[in-house]
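Student: Counting along the sequence shown from 1, when you hit position 270 you're at 511 in this note's numbering, and nothing is skipped either side. First, the structure itself, so that you have it in front of you.
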Amino acid sequence: MRILLFCAIILFSVSPIFANVINVPGEYATIQAGIDAAVNGDTVLVAPGEFAGSLFIDKNILLTSAHGPDSTFYTGAIQFGSSIDTTCKVRGFNISNIFPPTIEISGVSPIIESNKINGSLSISLDNSNAIIRGNIIDGNYTMGGSIIVANAGYPIFENNIISNNSSSITDGWVAGVGIHFDSGIIRRNLIFHNYAGTAFGAASGAGIFKDPRGGCEIYNNTIAQNSASTYRGLCYCSGVHLYLDQYDTLVVFKNNIVAFNINCGYGGGVCVYNPDSVTMDWDYNLMYGNSNPDEPFGPHDILIDPLFVDTASGNYHLLPNSPCIDAGDPSFPLDPDSTRCDIGAYFFDQTVGIDDPGPTEPYQFALSQNYPNPFNAQTTISYCLDKPATVSLRICAITGQVVANLTDRETQTAGEHRIIWDGTDRRGASVSTGIYFYELYVDGYHESKAMILIK
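So this is what it looks like as C-alpha cells:
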C-alpha cells in the first residue's frame, strides 16, 4: 500500500510537468495542432524541419524551436488572440512569408525573440507593448511600406539586426524602412543597408522614421549605410527622421552612431522636424560621413569617423582606437566590462586587451546541443570560439527567469569549451523536472538551445 501511495504521489507530481511540454511533430504533426492542444504556461517545442500554414496563438505559451532558426523553418503568417501578454513568446524560428504582414500583433504584447525573419513586411504592431528582441530581420521587401510598423502602444525593439531591407513605390511617401513607429524604445540595434526609394513621391528615414503622437527613447544604436533616393520627388535624411509635434512627450536620443547614410536630397544622417515642440534629451551621439553636412544637436555630440572594424563585411564593431569607446553618457549603466558606456550598438570589450589590434570579423562561435538530453543528474554543454572572447553562459527557466550563471563575463581562449551543469540553481539547490534553456553570450551575440531535465 505504501509503495502504491508513493508511486501515486510521484505520478501526480510529475505528470503535469510532462504535459506542459508539447512536441511537434513528435506528438502533433503541425505547429498549430500543438498550439491548440496547449494551455497557458505550456511549451510547444518544435523539432528541426520545414513547416507551413498560418498560425493563431491565443494562449500565453512559449512557442520555441529545439535547435534554433538555422534548422527550423516556418513559412506563413502569425497572429495573436486578445488575451496575450509578455508571458507569450515566439523564439528560435526562421520565419518567412510572401504576403504581408509576417507577424501581426494588435492590442496585445507578446515577446518575439531570437528569430530570423524575411520575406515581406515583417512585423505589424498596433496598440501594443510587445518586445521585439534579438532577431535578425534581413532581406525583406515591401511596396511603399516599412519592415516594422508600430502604431500606438510603447513597444521595445532591442538587440536586433535590421539589414538589407527595401521599400519602393512609384508615387507616394516611403519612410522608415527599418522601423516606422510613433512611440516606444529602440535600443542596441544594428540598422544598416536599408533602402527607401520613390520615383515621384518622397523618401525619408530609411533606417528609422518616427511619426508624431508619442514619446520615444532611442539609444545605443548603430544606424549606418542606409540610403534614400527619388527620381523627381523629395528626399530627406536617410538615417533617422523624427517628425515631432506638440502631442509628443519626452524624446531621448543618446549614444547612437549615425554614419555613412546616403540620400540625394535634404538633411544629413538625422533630420528632426519641429524640434522645439517637445522636450528633447539629445546628446552623446556620433554622426559622420552622411550625405550633406551633419550638425551636432547636443553639446557632447561628435562628428568623427567611428572606426568600425569592416563595413564591407557588415562588421560594425569598434576598433580599439574608436572615438566611441568610453564616450557615451556617463549617467548610463556601465558596459559589461565595467567601463563607461560606449557609443553605438556594440561595446568594445576592454578586458580582452586594449592594445590588441582587434578582430577582423565578428566573433564566430558554435553552440552544440547538450549531452545527454534529456538528462537526469548532469549534462555537458559544449561550444567553440574562433578567437578569444568574453563569454557568459546561463541557464533559464521557460519563464525567462535566470536559474544559474555557469560563467559570467569570463575571458576565454579560442577553441572548444565544455561546461557541466548539475541541475542546481545559483544557491546550489536542485531544480525541478522541466524544460530549460541554456544561453550563450559572446561579444554582444547570443544563441540559446532547449534541454529537458528529468528526475
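Note that the Cβ used here is the ideal one computed from N, Cα and C, for glycine as well. A quick note: this is a predicted structure, and the numbers were derived from the prediction, not measured.
Can you have a look at Phe-297 and say buried or exposed, based on whether 16 or more other CB atoms are within 10 angstroms of its CB?
Tutor: Classification of Phe-297: exposed, given that the 10 Å Cβ count is below 16.
Student: Would Thr-313 count as contacting chain D if we go by Cβ distances under 8 angstroms?
Tutor: Here there is only one protein chain, and chain D is not present.
Student: Unbroken alpha helix (DSSP H) runs of length 4 or more, entirely within the stretch 616-644: which are they?
Tutor: Here no run is fully enclosed.
Student: Note down the Cα distance separating Asp-311 from Ile-319, rounded to an integer number of angstroms.
Tutor: Asp-311 and Ile-319: Cα-Cα distance of roughly 19 angstroms.
Student: Using alpha carbons as the reference points, say which of Leu-491, Gly-348, Val-265, Pro-564 lies closest to Ser-365.
Tutor: Ser-365 has its Cα closest to that of Gly-348, out of Leu-491, Gly-348, Val-265, Pro-564.
Student: Between Cys-478 and Tyr-557, what straight-line distance do the alpha-carbon atoms span, to the nearest angstrom?
Tutor: If you take the alpha carbons of Cys-478 and Tyr-557, they lie about 21 angstroms apart.
Student: Pull up the CB-CB distance for Asn-188 and Asn-502, whole angstroms please, since I reckon it's below 8 angstroms.
Tutor: The displayed coordinates of the chain run from 242 to 696. Any statement about residue 188 would go beyond what the structure contains.
Student: If you run the structure through DSSP and keep just helix, strand and coil, what is Ala-274?
Tutor: Helix, per DSSP.
Student: Report the three-state DSSP secondary structure of Gln-466 (helix, strand or coil).
Tutor: Coil, per DSSP.
Student: With a 10 Å radius around its C-beta and 16 neighbouring C-beta atoms as the bar for buried, classify Pro-289 as buried or exposed.
Tutor: When all chains shown are included, Pro-289 counts as exposed.
Student: Could you check the C-alpha separation between Glu-291 and Pro-341 for me, to the nearest Å?
Tutor: One C-alpha to the other measures close to 20 angstroms.
Student: Could you tell me if Asp-684 is buried or exposed, where buried requires 16 or more neighbouring beta carbons within 10 angstroms of its beta carbon?
Tutor: Flag for Asp-684 reads buried.
Student: If you reduce the DSSP assignment to three classes, tell me which class Thr-225 lands in.
Tutor: Outside the shown range of the chain (242 to 696) lies residue 225, about which nothing can therefore be said.
Student: According to DSSP, simplified to helix, strand and coil, what is Asp-576?
Tutor: Of the three classes helix, strand and coil, the one that applies to Asp-576 here is coil, per DSSP.
Student: In the DSSP assignment, what are the bridge partners of Ser-347?
Tutor: Looking at the DSSP assignment, Ser-347 forms a beta bridge with Asp-367.
Student: Counting only the same chain and skipping the five closest in sequence on each side, list residues whose C-beta sits under 7 angstroms from that of Arg-581.
Tutor: Asp-567, Gly-569, Pro-571, Leu-575, listed in sequence order.
Student: Excluding sequence positions up to five away, which residues of its chain have a Cβ less than 6 angstroms from the Cβ of Val-519?
Tutor: So the list reads Leu-485, Asp-489, Val-492, once near-sequence residues are dropped.
Student: Return the chain-ordered list of same chain residues with a C-beta closer than 6 angstroms to the C-beta of Thr-621, the five sequence neighbours on each side being excluded.
Tutor: Excluding residues within five positions, the ones whose Cβ falls inside 6 angstroms are Tyr-612, Arg-659, Ile-661.
Student: Mind checking Ser-673: buried by the 16 CB within 10 Å criterion, or exposed?
Tutor: Exposed, because fewer than 16 other Cβ atoms sit within 10 Å of the Cβ of Ser-673.
Student: Using CA atoms only, rank isn't needed, just tell me which of Ile-464, Leu-286, Ser-306, Gly-456 is closest to Pro-516.
Tutor: The shortest C-alpha separation from Pro-516 is found at Gly-456.
Student: Kindly indicate which residue of Asp-423, Gly-585, Phe-450 has the alpha-carbon position closest to the one of Tyr-460.
Tutor: When only C-alpha atoms are compared, the closest one is Gly-585.
Student: Is it buried or exposed, Gly-267, if we count other Cβ atoms within 10 angstroms and call 16 or more buried?
Tutor: Under this definition Gly-267 is an exposed residue.
Student: Tell me whether Val-331 is buried or exposed, calling it buried when 16 or more other Cβ atoms sit within 10 Å of its Cβ.
Tutor: Classification of Val-331: buried, given that the 10 Å Cβ count is 16 or more.
Student: Excluding the five sequence neighbours on either side, which residues of its own chain have a C-beta within less than 6 angstroms of the C-beta of Phe-538, listed in chain order?
Tutor: Only Trp-523 meet the Cβ criterion.
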